[in-house]
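Worksheet for the structure shown next.
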């Protein structure tokens, strides 16, 4: 095959080009992450690596101090001297090899190994330097290569290279099997070149330019893991890489016209923590050790988080890592803050709860102290006490009060000398929860539905502009947040996330809330007398299709409830209110005796009917300000029980989620651009 004409930004190749040393723009650098194929760096990166490489070569004889080259949108650096690349923002044990490509295999444009490539290049320059390449450009190839004799040859360790002309170079394998194949094909009438040779090209198919650079990062997304990272410390890095790669595909398809882009950074906070050292390991029995170790490395994190002893260490670990990453990013991208760059957080599983607590400053110890103080005051007021008891209790109360005053004064003195920095060094634009048990933790902390329909009820907009709760319908660890803001949203469907390939999807802000089961709702307002008999939204299932996977969902429910509700007896009541049980199990449970059953019955009495229209949509007077719960659509053929097992970790590579995240982030950027252009007008 003829050499495909090399693409140049300034036009075609010169007509009578002379063989010379390869220019920096013709060389292409590659990196290899999967041990199979070499991936080319983009032109901007390759050119800068090549210039650093040449600077290193020109400083022969004296120690060269060549700065590492920042590549791949600033996520990695290349050390030219060691021919290795490494990540900037996270730790990775294995370095990524990089390679300088000069000679390339026809068709795939994969580079020849560097050692062979250097030998071929040296031989080519020795033999052909200064000669013109005109023949292959004047008349393509005047004579088929099959009929040409080699004008030059080079023997390598396992191969040899034949030059049939200046621009027609073939690589032949000298392995025994190749020799047999070559003899057979030649006897059948095939020529040497076409039967076993591989066409080589000198210089990469596309020249490197500084204009071939990535768009500027306008939005960074910190990706926070949940439990189990002790078991596989590199998992969040792999998961974030999957999410980043998926987002790149979505950006290319839907947002290629934008001059900015969103960058995803993994936040690996678990591996640096010591917690109990190896105490839990030392008390773990040896039988089924593998399973026990897996549980110690995963589910134990929930127990650590509910422990007053270790909770602070988990919170500080994540908080410090978020601040470290943000400071590092800004130091390497000084224009990010100047140009109003935004920060969002994507958290998974327990990571959602810890992130929420960092943002809001929730502290169970402080709340516990307040509760004790209140109980002491009530005890003094309500209990009949002997004179001596009363005197001692009053003395104790006064002493504690005095101690609190001294502590407060000491705290004020410290605060006046050292200004306390904010918990996070950045404002959070969007908080995306994935597979999140946050709603259970909030419910068990006493949060109850309000009447305002504002996100401020659970997360003030001053702290975070937008809260979005993403879940798979069969994820046993995920719970809804909307019914914690407005009670009747337990009977309203979560917003369905659009499929990635949906043509002209309806914007999320235009999607009206609808009942989970509109056919069962009355089509006109009921009589006041029958109001108490109307179906209560609190006893309807939170989500449609709850009858499947119920046993698996209950396993997830029990484990989270057990950890989250230490010292609380609110389990069944809260789960029935916030709707994780199916209509079938609800009808069975409401018939139970005891306080749990009574509580459920009590919630149905006298609940006013919802304002609704005949279409099954809610009247706008009782809508949420912004929807929060977003549900992935199920696959058409997936097993529901199997997906209940796999769904909790299925978020990372979903094109639907990547499009969802980018839609919100790019829309906010666009809205602000439109607003600023209107302001200038």
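Numbering (our numbering), first residue to last: 1 to 681.
Where a beta carbon is used, it is the ideal one built from N, C-alpha and C, also for glycine.
If you're wondering where the values come from, they're calculated on a predicted model, not measured in any experiment.
task = May I have the straight-line CA-CA distance separating residue 261 from residue 47, to the nearest angstrom?
result = 22 Å
- request: With DSSP as the reference, label residue 30 as helix, strand or coil.
  value: strand
### Message
At 4 residues or longer, what runs of the alpha helix (DSSP H) sit wholly inside the stretch 25 to 106?
### Response
43 to 58
Contacting residues, own chain, Cβ-Cβ under 8 Å from residue 180 (five flanking each side not counted): Confidence at residue 180 is low in this model, with a pLDDT of 47, below 50, so the placement of that residue should be treated as unreliable; the coordinate-derived value is given next. Nothing meets the Cβ criterion.
| said: Could you pull the DSSP bridge partners for residue 445 from this structure? | reply: In the DSSP output, where bridge partners are listed per residue, residue 445 has none listed.
Coarse secondary structure for residue 427, derived from DSSP in three states
coil
Checklist line | Own chain partners of residue 44 with C-beta closer than 8 Å, once the 5 adjacent residues on each side are dropped | finding: 208, 209, 210, 211, 212, 213 and 214
**Message:** Do residue 341 and residue 219 count as a contact pair if the criterion is CB distance below 9 Å?
**Reply:** yes
request  = Please report how far the alpha carbon of residue 311 lies from the alpha carbon of residue 55, in whole angstroms.
outcome  = 51 Å
**Q.** Close-in-space but distant-in-sequence residues of the same chain around residue 27 (CB under 8 Å, 5 per side omitted)
**A.** 46, 50, 100, 101, 102, 203, 204 and 208
Relative to the C-alpha of residue 682, which candidate in 287, 162, 385 and 441 has its C-alpha closest?
This structure leaves residue 682 out entirely; the chain is present only between 1 and 681.
Given residue 34 as reference, the closest of 65, 93, 97 and 303 once Cα atoms are compared | 97
Discussion item. Here's the rule: buried if 16 or more other CB atoms are within 10 angstroms of the residue's CB, otherwise exposed. What is residue 538?
Written reply: Caution is warranted here: a pLDDT of 34 is assigned to residue 538, below 50, making its placement in the model unreliable, and the coordinate value is therefore given only provisionally. Looking at its Cβ environment, which holds 16 or more other Cβ atoms inside 10 Å, residue 538 is buried.
Exercise for review: Answer with buried or exposed for residue 354, where buried requires no fewer than 16 other C-beta atoms within 10 angstroms of its C-beta.
Suggested key: buried
- Query: Does the pairing of the stretch 459 to 473 with the stretch 249 to 266 give three or more beta-carbon distances under 8 Å?
  - Reply: no
(request) Identify whether residue 117 lies in helix, strand or coil by the three-state DSSP scheme. (result) helix
Item to check | residue 245, DSSP secondary structure in three states | outcome: helix
Exercise. Using DSSP with H/G/I as helix, E/B as strand and the rest coil, what is residue 225?
Worked result: coil
(request) Determine the closest residue to residue 89 out of 389, 325, 478 and 399, with distance taken between C-alpha atoms. (result) 325
Local Cβ density within 10 Å of residue 332, reported as buried at 16 or more and exposed below that: exposed
- Alpha carbon to alpha carbon, what distance is there between residue 423 and residue 405? 25 Å
Exercise. In this structure, what does DSSP give as the bridge partners for residue 111?
Worked result: 104
I'd like to know whether the C-beta atoms of residue 344 and residue 429 end up nearer to each other than 9 Å.
yes
With DSSP run on the structure shown, which of helix, strand or coil describes residue 567? Residue confidence for residue 567 is low, a pLDDT of 37 falling below 50, so the modelled location carries little weight and cannot support an answer.
Just the C-alpha distance for residue 309 and residue 270, rounded to the nearest angstrom, thanks. 16 Å
Would you mind reading off the limits of the alpha helix (DSSP H) that contains residue 332? 311 to 332
(request) Check the DSSP bridge columns for residue 342 and list the partner residues they point to. (result) 219
*For the putative contact between residue 655 and residue 250, defined by C-beta atoms under 8 Å, what is the C-beta separation to the nearest angstrom?*
6 Å
Note to self: Rounding to the nearest angstrom, what Cα-Cα distance links residue 241 and residue 265 in this structure?
What the structure shows: 9 Å
Leaving out the 5 sequence neighbours to the left and right, which residues in its chain are closer than 8 Å to residue 118 when beta-carbon positions are compared?
102
Inset, instruction - Note the first and the last residue of the continuous alpha helix (DSSP H) segment covering residue 357. - result: 350 to 360
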